[in-house]
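**Q** The sequence shown runs contiguously to residue 108 in our numbering.
Built from N, CA and C at the ideal position, the CB exists for glycine as well.
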Amino acid sequence: LGGSGFVGSRICERLVAEGAAVTSISRSGGPPEDAGPWAQQVRWLRGDVLSMELAGPLAGAEAVVSAIGAIGSGDDERLNGATAETAAAAAAAAQAKRF
Numbered sequence: 010l011g012g013s014g015f016v017g018s019r020i021c022e023r024l025v026a027e028g029a030a031v032t033s034i035s036r037s038g039g040p041p042e043d044a045g046p047w048a049q050q051v052r053w054l055r056g057d058v059l060s061m062e063l064a065g066p067l068a069g070a071e072a073v074v075s076a077i078g079a080i081g082s083g084d085d086e087r088l089n090g091a092t093a094e095t096a097a098a099a100a101a102a103a104q105a106k107r108f
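1. On the DSSP bridge list, what partners appear for residue 92?
2. May I ask whether a heavy atom of the ligand MN can be found less than 6 Å away from the beta carbon of residue 78?
3. Between the alpha carbons of residue 75 and residue 46, how many angstroms are there, rounded?
4. Comparing C-alpha positions only, which one of 80, 52, 60, 31 sits nearest to residue 99?
5. Given a cut-off of 7 Å, decide if residue 35 and residue 69 are closer than it, judged by their beta-carbon atoms.
6. So for residue 51, helix, strand or coil by DSSP?
7. Let me make sure I understand the geometry here. Which of 90, 71, 89, 16 has the alpha-carbon closest to that of residue 31?
8. Roughly how many angstroms lie between the CA atoms of residue 43 and residue 102, to the nearest whole one?
9. Just the Cα atoms here: how many angstroms apart are residue 91 and residue 57?
10. Helix, strand or coil: how does DSSP classify residue 72 here?
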């Protein structure tokens, strides 16, 4: 989750390099502009964790990584707190082994 951001894109790149099947859900729905060839191996989905149904995209996931966050935003509680709570609950509902 949040794979198009500064931290998330590096997590996606590393997971792809290690051979993982990677799906990223982000509000942009795509890789950062400067992404390398690794980005072509990621399944990119557009969505907002707080308003979308996560059961389908997370079905069968062994692990869910959340790199969603903001620094210095006027909406830190929602962007850092509520998104983490929602992501953790969705990972548990999907029976992911790791969050």
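**A** With the given structure in hand:
1. Numbered from its first residue, the sequence shown carries residue 92 at position 83. Paired residue(s): none; residue 92 is not in a bridge.
2. Absent from the structure shown: the ligand MN. Ligands present: none.
3. Translated into positions along the sequence shown, residue 75 becomes position 66. Translated into positions along the sequence shown, residue 46 becomes position 37. Each residue's CA atom was taken as its position, placing residue 75 and residue 46 some 22 Å apart.
4. In the sequence shown, counting from the first residue as 1, residue 99 sits at position 90. For the residues 80, 52, 60, 31, the minimum Cα distance to residue 99 belongs to 60.
5. Here residue 69 is taken as the residue at index 60 of the sequence shown, counted from 1. Here residue 35 is taken as the residue at index 26 of the sequence shown, counted from 1. Taking 7 Å as the Cβ cut-off, residue 69 and residue 35 do not qualify as a contacting pair.
6. The residue given as residue 51 occupies position 42 in the sequence shown. It is a strand residue.
7. Indexing the sequence shown from 1 puts residue 31 at position 22. When only C-alpha atoms are compared, the closest one is 71.
8. Sequence index remark: in the sequence shown, residue 43 carries index 34 (1-based). Sequence index remark: in the sequence shown, residue 102 carries index 93 (1-based). In a straight line, the C-alpha of residue 43 is about 34 Å away from that of residue 102.
9. Numbered from 1 along the sequence shown, position 82 holds the residue referred to as residue 91. Numbered from 1 along the sequence shown, position 48 holds the residue referred to as residue 57. Near 12 Å, if we compare the C-alpha coordinates of residue 57 and residue 91.
10. Indexing the sequence shown from 1 puts residue 72 at position 63. Strand.
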